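Chemist:
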Amino acid sequence: MKTKFLKLSLLALFIFTASCSSDDDKKEVAPVATTKVSNVYAPQTGGQGQPVGGEFAKFSFSQNKIVTDDSWDIAFRGTSVIVNGGSKISATDTGEPERKGQGAVSVVSGIFANVTAFPAASTFAQDASGASAFPSSGDNAWYDYNGATHIVSAKAGRVFVIKTHDGKYAKVEFLSYYKDAPVTPDPNTAVARYYTFNFAYQANSTTTF
């Protein structure tokens, strides 16, 4: 009788364990939240043939704000975007911050919501002397420039996966370069150098957003 009871108890325990494992297998990791950031001001001096200067606006994804210390992940000045990894693009540019982190960027073609997996490590680039990880022209640039209207338009279908200063990941979709993100910027009235973008930050040790 005791043997039969023991067998029944073990069978019940097995069924319960299998049921729990099945429930755990069905659980999916919830996608990270998307945050919209508006009007990050990124002024510059010079331009139009003159040397470009001025401080970069340094942004932290984990803190969701502009920072002044080395915890920044991405930074803006005019149309220039840099990451906190690699080395300075210009050694003589006093407004460009030193790179103290692990930052890098990979450009993905696609819709922001559909980019859920981290790109291969080999696709990430860091800033280097004379070369920005963010291309300023071509298919992988974050913006298009209209020479006739002088309007800067965020390029559709480009998602920038950022390795943060401390080795986490965020994905970014640029929306506008103008204050309050007008749908159709007026060349005569639109106020430039104000970034609006979406980002999703993955703070956990996973490989998906």
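Mature numbering (1 follows the signal peptide of the UniProt record, and there is no 0) puts the sequence shown at residues -23 to -1, 1 to 186. Yeah, the Cβ is synthetic: ideal placement off N, Cα and C, and Gly gets one too. Quantities reported herein were computed from a predicted structural model and do not represent experimental measurements.
Which runs of the beta strand (DSSP E) fall wholly inside the region 14 to 41 and span at least 3 residues, in chain order?
Modeler: 22 to 24, 27 to 30, 34 to 37
Chemist: By the 10 Å Cβ neighbour count, where 16 or more other Cβ atoms means buried, how is I88 classified, buried or exposed?
Modeler: Around the beta carbon of I88, fewer than 16 other beta carbons lie within 10 angstroms, which makes this residue exposed.
Chemist: Quick check on this structure: which residue in N165, V138, K156, Y155 has the alpha carbon closest to the alpha carbon of K148?
Modeler: V138
Chemist: Over the uninterrupted beta strand (DSSP E) stretch that includes S83, give me the two end residues.
Modeler: 81 to 86
Chemist: Provide the residue span of the beta strand (DSSP E) that contains N175, from first to last.
Modeler: Its beta strand (DSSP E) spans residues 169 to 179.
Chemist: Would you mind sorting G107 into buried or exposed? The rule is 16 or more other CB atoms within 10 Å of its CB.
Modeler: Burial call: exposed.
Chemist: Can you give, in chain order, each stretch of the beta strand (DSSP E) that sits fully within the region 62 to 143 and has at least 3 residues?
Modeler: Complete beta strand (DSSP E) runs here, min 3: 81 to 86, 120 to 123, 128 to 131, 135 to 140.
Chemist: Report back the beta-carbon spacing between V9 and A133 to the nearest angstrom; my notes put them in contact at under 8 Å.
Modeler: Actually they are not in contact, since the Cβ atoms of V9 and A133 sit about 22 Å apart, beyond 8 Å.
Chemist: Tell me the DSSP secondary structure of K3 in three-state form.
Modeler: At K3 the pLDDT is 44, less than 50, meaning the model places this residue with poor confidence; the figure from the coordinates comes in the next sentence. Looking at K3 - three-state DSSP - the assignment turns out to be helix.
Chemist: Where do the ends of the beta strand (DSSP E) carrying V149 lie?
Modeler: 146 to 155
Chemist: Tell me the DSSP bridge mates of S57?
Modeler: R54
Chemist: Should T126 go down as buried or exposed, given a rule of 16 or more other Cβ atoms within 10 Å for buried?
Modeler: Sixteen is the threshold: since fewer than 16 other Cβ atoms of the shown chains lie within 10 Å of the Cβ of T126, the residue is exposed.
Chemist: Give me the Cα-Cα distance between K3 and V84, rounded to the nearest whole angstrom.
Modeler: Note on K3: pLDDT 44, under 50, position unreliable in the model; no value is reported.
Chemist: On the CB-based measure, 16 or more other CB atoms within 10 Å of its CB, does Y146 come out buried or exposed?
Modeler: By the neighbour-count rule (16 or more Cβ atoms within 10 Å), Y146 is buried.
Chemist: Just grab the DSSP bridge partners of V44 for me.
Modeler: V44 is bridged to K35.
Chemist: Counting pairs of beta carbons, one from the region 114 to 129 and one from the region 29 to 47, are three or more of them closer than 8 Å?
Modeler: no
Chemist: Check whether the region 64 to 77 and the region 10 to 17 are in contact - that is, three or more C-beta pairs closer than 8 Å.
Modeler: no
Chemist: Would you be able to state if there are at least three C-beta pairs under 8 Å between the region 94 to 106 and the region 61 to 68?
Modeler: yes
Chemist: Tell me T185's beta-bridge partners as DSSP assigns them.
Modeler: Among the bridge pairs identified by DSSP, T185 is matched with A94.
Chemist: Can you tell me the Cα-Cα spacing of T45 and F33, whole angstroms?
Modeler: 10 Å
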